[in-house]
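To start, the structure itself, in C-alpha cells.
Number of protein chains: 2
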Amino acid sequence: MSDAIEALLNPRSVAIIGASPDANKLNGRPQHFMQRDGYTGAIYPVNPKYTVISGLTCYPDIASLPEPPDLAVVVVAAARAIRAVADLGDRGTKVAVLFSSGFGEMGESGRAREAKLMETAITHGVRLCGPNNLGVINSFINMPATFSQYADLPPEAGPVAFASQSGAFGTGIAALARSRGLGIGYFVNTGNQADITLMEALDYTLEDDRIRVASAYLEGLRDGDQLVALADKSVRMGKPLIAVKVGRKAAGARAAASHTGSMAGEDAVFDGVARQRGVVRARNEAHMLDLVSAFVHSDVPEGNGVAIVTQSGGAGVLMADRAEELGLMVPELGGTTKKKLLNVIPDFGATGNPVDITGQFLAEPKIMTESVRVVLADPKVHLGIIWLQLMHGYANLLVDVFKEIMAHATKPFLVCWLEAPEQALTALREAGICVIDGTERAVDAAAGLVAFGEARRRITAVPAPVFRKTAPVSDHVGPVPSVEAWHRLKASGLPLVDCALTADAGAAVAAAEGIGFPVAVKIESPDILHKMDIGGVALGLGDAESVRVAAEAIIQNAEIRAPEARIDGLLVQAMAPARTEMVMGLRHDSAFGPVLMVGLGGIFVEVLKDVVFAQAPLSWDDAELMLDQLAGKAVLDGVRGQPAVDKRALIDTLCALSEFAVENPDVVELDLNPVFAGPDGTLAVDWLMMSTNGRK
Amino acid sequence: MSDAIEALLNPRSVAIIGASPDANKLNGRPQHFMQRDGYTGAIYPVNPKYTVISGLTCYPDIASLPEPPDLAVVVVAAARAIRAVADLGDRGTKVAVLFSSGFGEMGESGRAREAKLMETAITHGVRLCGPNNLGVINSFINMPATFSQYADLPPEAGPVAFASQSGAFGTGIAALARSRGLGIGYFVNTGNQADITLMEALDYTLEDDRIRVASAYLEGLRDGDQLVALADKSVRMGKPLIAVKVGRKAAGARAAASHTGSMAGEDAVFDGVARQRGVVRARNEAHMLDLVSAFVHSDVPEGNGVAIVTQSGGAGVLMADRAEELGLMVPELGGTTKKKLLNVIPDFGATGNPVDITGQFLAEPKIMTESVRVVLADPKVHLGIIWLQLMHGYANLLVDVFKEIMAHATKPFLVCWLEAPEQALTALREAGICVIDGTERAVDAAAGLVAFGEARRRITAVPAPVFRKTAPVSDHVGPVPSVEAWHRLKASGLPLVDCALTADAGAAVAAAEGIGFPVAVKIESPDILHKMDIGGVALGLGDAESVRVAAEAIIQNAEIRAPEARIDGLLVQAMAPARTEMVMGLRHDSAFGPVLMVGLGGIFVEVLKDVVFAQAPLSWDDAELMLDQLAGKAVLDGVRGQPAVDKRALIDTLCALSEFAVENPDVVELDLNPVFAGPDGTLAVDWLMMSTNGRK
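Chain order of the listed sequences is A and B.
The first sequence begins at 146 in this note's numbering and counts up one residue at a time.
The second sequence begins at 146 in this note's numbering and counts up one residue at a time.
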C-alpha cells in the first residue's frame, strides 16, 4: 500500500494551507472539526494573516512548518493552490487534499490549470486528492479533514468505508447512513479525481480489520483495472464492494463506435464487468444503504432460498413477487418443516412460504421464535426475512424475541419492520440485527446478499484474473482479411464454417466443390465492410453452375457499386444449417480493456439491446453467468419448434473467444454475427475482425 | 350513494356489540378511541356483563338499545356474530363492521360459516364490512371504530382516503402516512370483504370535498366493474386513485386457461385495465405514499417534460437516468432559458437539464428562486424537481425560498430533499409543497403525476365506458366453425384473409382458383384445434395440382391421426404475404369481462410474454396506448429491413376487435394468430373462436 494513501487516510499530522479562525467558513471548518473531535495528531494552520488560530500556532508559510506534515489540506484559491503543492512537495509532504475549485470542472481554461496542477504535483512528488473536493474523514482517529456538512455533527466510527466522487451527494448519503446508525469509518470525496481515485482509497480501507463493507458513489471510471482489482480483493476478503454508478441510461461517449458497443452503450459494459467481478451494484442512495446495512449486520447466505415470515399475508405476497422478479427462490417448505410449523402457529395462520404467523405471537412470543427457527432449519432455505409493523407497545418484547432468534440462528435473517419504535431500532442495531423499513427494499437487500455469496463461490473457485494494459491506441486500425482472421480464430478454438479465398468465378467453383455444396460466396475487400449493401453476397448456392453465375454477378456488382474498392477476391464459405441465431463480439473498452459480448440475434439484439458484456479473461462460470443474464435466455431452451441449444458448447465458444482476446491484443474489435447455436454445437457463420495491424 | 355506506363512514350513532371496559383489548379499543377523540355521535356499548362502560350506559342486548344505531361494530366470536347481525337487522341497523374472525380465512368450515353470515345479512337487510377486519375510521368526525394500532395515536384528518384489504399491512401503511404528515380522512379495512368492497367505500369518499386522493391496497379483485367505475369517477373528478395490488408475479388461478390468458396471467390484465382506466398503480407502500404526497400537494402537469434543478451533478444524472427509464422527457432547455440561466447561476454551475445551480444559492437565494422560475417558464418543461440535501443551518431560509417559488410557480414542482431538517419538512408540508426524500423516488412520483395527467386527457376526451355484465358462464363452450367465425369477424370490420369451406380435394381446387393462388389448405373439424399437429395444414400452394395433392394428404392424415374427429371439410385460404407478425386476442376475464390482448408475435410473445391487455370497449387512444406499452414496440417502426407498420391500420384493427367483443358476448375466447401488420395494413391469417354457442 502506498505511503501517500496511508498519509491521506491515517496522518500523524495535518497542515491546513489557508486556515481561518472562522468555523463557519470553508477554510475554517477542517481545523474546527478536528479540534472539536479530539484529533490527537499535530494540526498546523498556515496563513500569514494569523499567528494563532483556536489556540494553535499559525504558520506564515509552508517553509516555516516545524516538520513536513503527513497530510496537507489546501484551502486557498486555485492559482495559489498550485504554488502550495510545489512548496509542500519541496518540504517533503507526500499527499495533499485540494478543496480548491476552478480546475477541470470549469471548462477549457480550468482543464489547462488542472494539467498544470498535476504536472506540478508529479514534479514535486505530491499525490493529490481532488481538486474541487470537500475532503476526507478518518473517524477512528477523529480526523474530519473536510468542510462537508456531514461533519457538522461529529462522525461516528464504524465498519463502513464510503468514497464518493460527488461532494454534495456524498454528503447527503453519509448523513443518511448516520441516521440509520451506520458508522462510517472512512469517508473520502475525490472531486475531480485528478490523481488519487476512489479505488485506491477503498483498497486501503479494506486492509483495516475494522472495515466490513466498502461503498462507492461513481460518476465515471477511467481505470477499470483498479476497480477489478479492488473487486477481486473485496470478494476474496469477503468484504463487499457496493457501488452506485450513475449514467445508466446516458449514451456513453466512445471514440470509435463499433457496432457491438454502440448497441448497448458504456453502462452495459460496466454493469457486466461489475457483476462478473462481484461488485454489488446499487441503483440509488437508499438501495446502497440498505445493502450496506445488510452486509454490516448479516452473514452472506449459502444459496438463494428465502423464507418469508410475516403477520400479513399481503406483505408476504408483495415480498414473494419481488423475490421472483430478482431471481430469488421462495421455496415450498418441506413436509417436516410444515408439520413443525402446524404445531407452532395459530389455525388462521399459513404454513406456506410466505409463512403467516399472525399477530398472535405478541401474546406467545414462542410462535415467532419457533417459527423462524423451524423455517431456517429447512434445507431449501438459506436466508430469512421477518416482516412486521408498528407494535410500539411491544418494543422490548420484540427486541428480546429477535435477540433470541439471533442467538440460535444458523442462517442469516433480515428484519423488515415498518414504522418501528426508535428504541427497538437502536437496540437491534446494537445487537447486530439488520432492520430495513421498506417491504420490497428488504427483498432487494436480500438479493444483494445472495448475489455476493454467489459471486464469492464463483470467483474464489478460480485464480485472480491477470490484468494487462489495454491494447495500444492506434490510428492504423483496419480489417483483417477473412481467411487470415479465420486462421487466427480457429487457433483459439473458435468454431467457424470452412472457407476459402478464390481469385475468380472458376476458382470459386473449384473451392465450392472442395468444401461441399451448398456454399455462400462473398466479395472480399478491405474497403467493403457491408458486403450485402453492394450485392456482394450470395447464399445457399447448391451446385457449380449457381456458384459460377453468382460469383460473376458479385464481381460485376462490386465493379459497378464500389469501383474504388481494392478487391482481394471471392470468399467461398460452407453454408451452415440455420440454428438459433446469436451474436458474439469483442472490443476494447477504454476502462476495462478487452470485453466480450454475447446476445441473442436478430430482433433481440436490435430492438431489445439484449446483450451482456464481461471482461476477458472469462472463467467457465463467468461465461455461464453471461448467458444467464440474457433477458431472452429461454430461447436457448428451445421455443417455436426449435430444439434446445447445447449450452456447454456455447459456453466453450465464449471461453474460446476470451482466450482469443487475451492472445490477440492487436484485435480491437471482432463481430461474430450470426453465430448459430444448436443442439449439435455452435458455429460462427460470419466474422469481421479489426486490428491495429489490419489493412488500412 | 347507498345509505349503508353513509352509515358506515359517517354514522350519527355507533353500537359496539360485545364492548369491554378494557382499552387494551380488541373489544375495548373502539369505544376507548372514540371517547378519547371526542366523537360527538351516540356510542352504545352492548354487553350483558356490564351496566356502564367508561361512563356510558351499557345495554344487555341489541333489543334494549334506545334507537337502532346507524353503525354496529360487532366484536363477539364468530358464532355469536351471526346472531348479532340478525338482531341488528331486525332492529333496523343498516350496516355492521365485523371484527370477528373464524370465517372465510379458516378453510372449508370457515367458508361455510361465511356463507351463513352473508345469508343472514341479506335476509335481515344488513350490509357488512368484514368479517375478519379491524374497522373503519372517519377522522373528520373523530370516529376510530377500529382496534388498529394506527389509532393508538389519535388519527388526524386530511385529504387522503385509504382503503385496505389487509389489516396488518394497512395499519403499517397508515402509520407511515402519518409520519409523513399525510392526514387520512377515511381509513377502511375490508378484511374478508364478504360484502362491502374497497371500491364502494372509496367511491363514497370521493364525493367528500375534503378528499383529494383515494388510495387502496388490493390483494384480489372480484368485481372489476366497480374498480373501473371508481377509476372513471376519479379521473373525471381529478382525484387520483392510487393502488398497490400484490400478486404481480403469482400465477393467477383461472378456471379455463386459454392460450391468450395463460401466457401473461391475471396480473397483466389488471395492469392493462388499470392503466387504461387511469388508475395510478404503485409498486409498494413507499411508492404509494410518495404518489399520495405528490398528488396531495402538487397539481397535475400538462405534459411529460421534467426540469431537474440540483446542486449535485451526480444526483441530476441519477434522476435523468430514472426519468428516461420511465418515459419522461428531460428536455434540452431552450436558448432563451439557457441565456437567462447564465445570468443567474455561478460559472461552475451547469445550464443543461439537469441544471446544477451549485451550493452558492445559500449565499444568494435568488440563484435558486430565479433558476426555478426560468426553467419552469420553458415551454418544453411541465414539471420541476428541485434536489438538495441537509442544509440544517439554513432551514428557515430554504423554507422561505420554496415558499417564494411556490407563490410564483406557474407549473407544479416537487422538492427532493435528502436528510431535510424536520422543521423544514413540517413548514413545507403546511405550505402545500411536496417533499420526497429519495432521489429516484422523486422521479417515480413525478412519473405518477404525469401518467395521471395523460390518462385524464385521454379519458375525459371520450364518454364514460358503458359496462355490462360478463358473458354467462357456460359449460357448453365450443369452437365456432371457421367460415362462420370469418363472417362474424368481418361484420365487425376485422381484416381477414379470404377463405372458403370445401368438401373434398376437387372442391378445394375450385375454391383455390376462385380465391387466387397461392393458397393454404387446412382441415376443418370441431375436434381438431391444433391442426398442424396432425398434418392438417398445407401452406403456399401455388397451383391446382399442389392443392389437389395437399388436400388429399390432409384428408388422409386426419383419417389416420384423428380417426374419431368429425370432419367438416377443407378450408381454403388466400396466402397473405409475410409481414410483421403479431397476435391479438379476446377473452372473458372473471373480474373485467371482455378483455383484449395485443402482442408482437413469435419469440416476443412466447419468450418475453410481451403482451398488453385492455378492457373492451376501447377508444382509439386506448388502442394506441396498448401498442405504446409493448416492450418491443420499436419493431413496428421497422427493423431488419422490414418497413414500418401502418400503425393507424393496426389501431383500427384493435378498435374493430373491441367492437366485435362488445357485439358478441357469446364469444368467450378468440385468438387471432398470426396477424400480419405491414405498411399496407393489417391482416389476420388464422383465427380460433370459442363461443358459448359453439360446437361441443
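For each residue, glycine too, the CB sits at the ideal point set by N, CA and C.
Around the Cβ of B/I267, are there at least 16 other Cβ atoms within 10 angstroms (buried) or fewer (exposed)? exposed
Restricting to Cα atoms, I'd like to know which of A/E726, A/Q701, A/N337 and A/F415 is closest to A/G714. A/Q701
With 16 as the cutoff for other CB atoms within 10 Å, does A/S403 come out buried or exposed? Any reading at A/S403 is ruled out, since the residue's pLDDT is 30, under 50, leaving its predicted position unreliable.
Who does A/G826 pair with in a DSSP beta bridge? A/G823
My output table needs one value for A/R586: the three-state DSSP class, helix, strand or coil. helix
Report the option in B/A552, B/Y539, B/H527 and B/F493 whose CA atom is closest to the CA atom of B/E515. B/A552
Looking at C-beta atoms only, is the number of pairs between the segment 250-261 of chain B and the segment 289-301 of chain B that lie closer than 8 Å three or more? no
What first and last residue would you give for the alpha helix (DSSP H) that runs through B/L716? First-last for B/L716: G714 to A719, but that is the beta strand (DSSP E), not the alpha helix (DSSP H).
Would B/K556 pass as a contact of B/V526 if the rule is Cβ separation under 8 Å? yes
Note down, in chain order, every chain B residue with its Cβ under 9 Å from the Cβ of A/M251. D492 and F493
Per DSSP, A/Y349 is paired with what? Per DSSP, none; premise fails for A/Y349.
Could you spell out where the beta strand (DSSP E) holding B/R769 opens and where it closes? Residue identity check: residue 769 of chain B is Glu in the sequence provided, not Arg. Unbroken run through B/E769 is the alpha helix (DSSP H), W765 to D773; no beta strand (DSSP E).
Do you know whose CA, among A/D582, A/A495, A/L351 and A/L559, lies nearest A/L535's CA? A/D582
Look at B/P624 and B/P671 and say whether their C-beta atoms are less than 8 Å apart. yes
Runs of beta strand (DSSP E) lying entirely within the segment 617-661 of chain A, each at least 3 residues, in chain order: 644-647
Spell out whether any CB of chain B is found under 8 Å from the CB atom of A/K394. yes
Within the segment 468-553 of chain B, note down every full beta strand (DSSP E) run reaching 3 residues or more, in order along the chain. 528-534
Ordered list of beta strand (DSSP E) runs contained in the segment 237-270 of chain A, each at least 3 residues: 240-243
Chain A residues whose Cβ lies nearer than 8 Å to that of B/D466: V391, G392, R393, K394 and A395
Looking at chain A, is there any beta carbon in it that lies within less than 8 Å of the beta carbon of B/V454? no
Sufficient close CB pairs (3 or more, under 8 Å) joining the segment 430-440 of chain B to the segment 763-783 of chain B: no
Answer with yes or no whether the minimum CB distance from A/F821 to chain B is below 8 Å. no
Short check: CB of A/L327 to CB of A/V437, under 8 Å? yes
Mind pulling the chain A residues with CB within less than 8 Å of B/Y362? G459
Could I get the ranges of all uninterrupted beta strand (DSSP E) runs contained in the segment 167-203 of chain A, with 3 residues as the minimum, in chain order? 187-191
Identify whether A/F292 lies in helix, strand or coil by the three-state DSSP scheme. coil
When the distance is taken between beta carbons, is B/C579 closer than 8 Å to B/S443? yes
Which residues, in order along the segment 772-797 of chain A, keep a beta-carbon less than 8 Å from a beta-carbon of chain B? A776, G777, A779, V780, V784 and R785
For chain B, is any of its Cβ atoms less than 8 Å away from the one on A/S407? Bear in mind that the predicted position of A/S407 carries a pLDDT of just 36, short of 50, making it too unreliable to give a figure here.
Backbone CA spacing between B/S324 and A/N488 [nearest angstrom]: 38 Å
Is the Cβ of A/Q176 closer than 8 Å to any Cβ of chain C? In the displayed structure, chain C is absent; the protein chains listed are A and B.
Contact set for B/F493: own chain, Cβ-Cβ below 7 Å, skip 5 residues either direction: T503
Looking at C-beta atoms only, is the number of pairs between the segment 718-734 of chain A and the segment 782-799 of chain A that lie closer than 8 Å three or more? yes
B/L347 and B/A376 - do their beta-carbons sit closer together than 8 Å? no
Which residue from B/P640, B/A698 and B/E751 puts its Cα closest to that of B/A719? B/P640
Chain-ordered neighbours of A/H537 on chain B, where CB pairs are closer than 8 Å: Q294 and D297
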